[in-house]
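Here is the structure we will look at, set down as structure tokens.
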Amino acid sequence: MDASAFEDPDGRPVTAVTAAEMRAVDRVAVEAIGLDLRRMMEHAGRGLAEAVLDVRLSDGSDGHVAVLAGNGGNGGGGLACARHLANRDLPVRVVLDRDPAALDGVTAEQLRILEAMDVSIGSPDGDAEVDAALDGLVVDALIGYGLTCAPRGAAAELIEAAGDTAETVVSLDVPSGTNATTGETPGAAVEPDHTVTLALPKTGLAAIGGDLRLVDLSIPATVYDRLDIEYEDPFGDEFAVPLSRR
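Residue numbers (the working numbering): 45 to 290.
This is how it looks when you write it as structure tokens:
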């Protein structure tokens, strides 16, 4: 926990948490409070989509958006984002780091919705169109705060491809390849222009560049109280706020 690394637009400190602390927050929110993963995933996807729309507006971009997604909560948030963007008639292409059949749980549910919407879904293996899809705005939802080692396989390939060709990268929660606690990058890592982090910033984000936005997952303050995490609501009447590094 670090209350000195970030501040909100009014200059108030915003507590940052380590990966282990965020894992505990998720556990208490789900097991003790009943705030299930589906609800948090929807908040994450909507907040990420709003950030992408703001970036497109500020950049004057009207090109396609490529959403890179893995399994788990981070990938599910990216897929929910893709749905919101497609609902607004944006040209969206999803690129998975694995075969679609390998997704499970609520992330697979998000994928099934996109399939029913006929959103374009590809994966690196044998897909010649993937590189072309990464030449505009790329949403990075490959790996979340659970990174423990260097990315491998298709995830690493997509990280490197995005670095080579993307015009703008918006990462969800923590840039893929970056250790959420330390900011270290043990292998291939996304270099984001924007990061949309969730609930509270992660301590490792102090070490990376780019703009930073904090999105509310509707986690009650009692969750932080139970874990003795210093918390002052940074959102007020907003669902997302920009953060500055101190």
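For glycine and all other residues, C-beta sits at the position ideal for the given N, C-alpha and C. Source: prediction; values computed, not measured.
Tell me the DSSP secondary structure of residue 260 in three-state form. coil
Consult DSSP for residue 209 and reduce its assignment to one of helix, strand or coil. helix
So, are the CB atoms of residue 80 and residue 286 less than 9 Å apart? no
Determine the burial state of residue 247: buried for a count of at least 16 other Cβ atoms within 10 Å of its Cβ, exposed for fewer. buried
How do the region 72-91 and the region 101-113 stand: do at least 3 beta-carbon pairs fall below 8 Å, yes or no? no
Test item: CB-CB of residue 61 and residue 244 under 9 Å: yes
Is the Cβ-Cβ distance between residue 219 and residue 235 less than 9 Å? yes
Can you check whether the CB of residue 65 is closer than 9 Å to the CB of residue 271? yes
Own chain, CB closer than 7 Å to residue 84, minus 5 neighbours either side, in chain order: 261
Quick one: grab the DSSP three-state call for residue 165. strand
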